[in-house]
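Chemist: Following this message is one structure expressed as structure tokens.
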């Protein structure tokens, strides 16, 4: 059955390859990117796929993106929160927050919350996590303490894994919300720019994201974390197994999103 699937960060890397794979399988993909030119190019490449332009480092733009999707789509089966950032020349947003937390954690949270009405109980949310996970510094999350690139990235990925669990608990009847590490050091622009290596076959990550979005094996695993390095559902970093720490991180996320 054809699914309507929104892929953020779909104009290059694993997002683009996942979008292409999903279309090849007969699904209808909604393409998101930051560049209007790139979105138009990918939309044409995918046979006229609907395209959406938004800078996810701006929570106001994220809210407008959600409004645009809601205005144009009466049904959405899957959201793949793929867009992410690691190294950047602009580590701070105009609101003084670390851009890694905004793009990797806050933006997908806000977007998902705003799209719950069209996802419904049968929908699915796939959040891009990482093998790089580190305890979240709440002051860093609030933008009160500067963080190094890897610190911010790893903390943002644990934070999205934490809110995945919290959202799944809040909506036990659906949608299914899962966090996925698609594979370490895949051949994406982020890896090339951040680590200076070519990286591993992107197909490794594409395969698991397609499965997470469409396969039955994820249908009853809401709140779970899938580690594609080990090829199985696994426990995330220890702080994500502490209900008090999860609640504290999610409270700050909600505070920042409400302010944004």
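In my numbering, the protein residues as written are 30 to 289.
Where a beta carbon is used, it is the ideal one built from N, C-alpha and C, also for glycine.
Which residues in the same chain as residue 160 place their Cβ atom closer than 6 Å to its Cβ, once the five residues preceding and following it in sequence are excluded?
Modeler: Translated into the one-based positions of the chain shown, residue 160 becomes position 131. If we look at residue 160 and ignore the five residues flanking it on each side, its Cβ neighbours are 210, 213, 258.
Chemist: If the criterion is Cβ atoms closer than 7 Å, does the pair residue 36 and residue 44 meet it?
Modeler: The residue you call residue 36 lines up with position 7 of the chain shown. The residue you call residue 44 lines up with position 15 of the chain shown. Yes, the pair counts as a contact, with Cβ atoms nearer than the cut-off.
Chemist: Does DSSP put residue 80 in a helix, a strand or coil?
Modeler: Mapped onto the chain shown, residue 80 falls at position 51. Of the three classes helix, strand and coil, the one that applies to residue 80 here is strand, per DSSP.
Chemist: Identify, in the order they occur along the chain, each residue of the same chain with its Cβ nearer than 7 Å to the Cβ of residue 172, setting aside the five sequence neighbours on each side.
Modeler: Within the chain shown, the letter at position 143 stands for residue 172. Excluding its 5 nearest sequence neighbours in each direction, residue 172 has C-beta neighbours in its own chain below 7 Å: 125, 126, 127, listed in chain order.
Chemist: Quick one: grab the DSSP three-state call for residue 38.
Modeler: For the purposes of this step, residue 38 is identified with residue 9 of the chain shown, where counting begins at 1. Three-state result, residue 38: coil.
Chemist: Hey, could you find the ends of the beta strand (DSSP E) residue 157 is sitting in?
Modeler: As a first step, residue 157 must be located in the chain shown, where it is residue number 128. First-last of the beta strand (DSSP E) with residue 157: 153-157.
Chemist: For residue 191, count the other beta carbons within 10 Å of its own beta carbon; 16 or more makes it buried, fewer makes it exposed. Which is it?
Modeler: Residue 191 sits at position 162 when you count from the first residue of the chain shown. By the neighbour-count rule (16 or more Cβ atoms within 10 Å), residue 191 is buried.
Chemist: Near residue 278, what residues of its chain come up, given a Cβ to Cβ distance below 6 Å and the 5 sequence neighbours on each side ignored?
Modeler: By one-based count along the chain shown, residue 278 stands at place 249. Taken in chain order, the residues that qualify are 165, 188, 191.
Chemist: Put residue 220 into one of helix, strand or coil per three-state DSSP.
Modeler: The sequence position of residue 220 within the chain shown is 191, counting from 1. Reliability of the predicted coordinates at residue 220 is poor, the pLDDT of 49 falling under 50, and the value obtained from them is presented with this limitation in mind. In this structure, residue 220 counts as helix in the three-state DSSP scheme.
Chemist: In terms of residues, what are the limits of the beta strand (DSSP E) holding residue 202?
Modeler: One-based indexing of the chain shown puts residue 202 at position 173. Unbroken run through residue 202: none, as it is neither H nor E.
Chemist: Exposed or buried, residue 31, counting other C-beta atoms within 10 Å across all chains shown (16 or more means buried)?
Modeler: Locating residue 31 in the chain shown gives position 2, where the first residue counts as 1. With fewer than 16 Cβ atoms within 10 Å of its Cβ, residue 31 is classed as exposed.
Chemist: What does the alpha-carbon distance come out to for the pair residue 147 and residue 101?
Modeler: Residue 147 sits at position 118 when you count from the first residue of the chain shown. Residue 101 sits at position 72 when you count from the first residue of the chain shown. The alpha-carbon atoms of residue 147 and residue 101 are separated by roughly 11 Å.
Chemist: Let's see if you can read the secondary structure: which residues bound the beta strand (DSSP E) around residue 263?
Modeler: Taking the first residue of the chain shown as 1, we reach residue 263 at position 234. Start and end: 261-263.
Chemist: Report the CB separation of residue 135 from residue 88 in whole angstroms; it is logged as a contact under 8 Å.
Modeler: Translated into positions along the chain shown, residue 135 becomes position 106. Translated into positions along the chain shown, residue 88 becomes position 59. Contact between residue 135 and residue 88 holds, since their C-beta atoms are separated by about 6 Å, short of 8 Å.
Chemist: Would you tell me roughly how many angstroms separate the C-alpha atoms of residue 201 and residue 236, rounded to the nearest one?
Modeler: On the chain shown, position 172 is the one that residue 201 refers to. On the chain shown, position 207 is the one that residue 236 refers to. Roughly 27 Å between the two C-alpha positions.
Chemist: Which ranges does the beta strand (DSSP E) cover as unbroken runs of at least 3 residues, wholly within the region 48-131, from first to last along the chain?
Modeler: Residue ranges of uninterrupted beta strand (DSSP E) with 3 or more members, entirely inside the region 48-131 and ordered along the chain, are 57-62, 80-82, 107-110.
Chemist: Tell me, which residues are paired with residue 255 by DSSP?
Modeler: Against the chain shown, residue 255 aligns to sequence position 226. BP columns for residue 255 point to 209, 262.
Chemist: Using only the alpha-carbon positions, how far apart do residue 64 and residue 84 sit?
Modeler: What you label residue 64 is simply residue 35 of the chain shown in a count that begins at 1. What you label residue 84 is simply residue 55 of the chain shown in a count that begins at 1. C-alpha separation (whole angstroms): 8 Å.
Chemist: Under 8 Å by Cβ, that's how I've got residue 155 and residue 241 pegged, so tell me the actual separation to the nearest angstrom.
Modeler: Position 126 of the chain shown holds residue 155. Position 212 of the chain shown holds residue 241. Rounded, the Cβ-Cβ distance is 5 Å, consistent with contact.
Chemist: Tell me whether the beta-carbon of residue 262 lies closer than 7 Å to the beta-carbon of residue 253.
Modeler: Taking the chain shown and counting its residues from 1, the one referred to as residue 262 is at position 233. Taking the chain shown and counting its residues from 1, the one referred to as residue 253 is at position 224. Between residue 262 and residue 253, the gap from beta carbon to beta carbon is short of 7 Å.
Chemist: Less than 7 Å between C-beta atoms, sequence neighbours within five positions excluded: which residues of the same chain meet that for residue 168?
Modeler: As a working note, residue 168 is residue 139 in the chain shown. Hits under 7 Å: 174.
Chemist: What's the gap between the Cα of residue 269 and the Cα of residue 283?
Modeler: Mapped onto the chain shown, residue 269 falls at position 240. Mapped onto the chain shown, residue 283 falls at position 254. Distance between the alpha carbons of residue 269 and residue 283 is about 17 Å.
Chemist: Express the C-alpha separation of residue 288 and residue 281 in angstroms, rounding to a whole number.
Modeler: The sequence position of residue 281 within the chain shown is 252, counting from 1. The sequence position of residue 288 within the chain shown is 259, counting from 1. Cα-Cα distance, rounded: 11 Å.
Chemist: Could you give the distance in angstroms between the alpha-carbon of residue 34 and the alpha-carbon of residue 195?
Modeler: Start at 1 with the first residue of the chain shown, and residue 34 comes out as number 5. Start at 1 with the first residue of the chain shown, and residue 195 comes out as number 166. Computed Cα separation, rounded: 22 Å.
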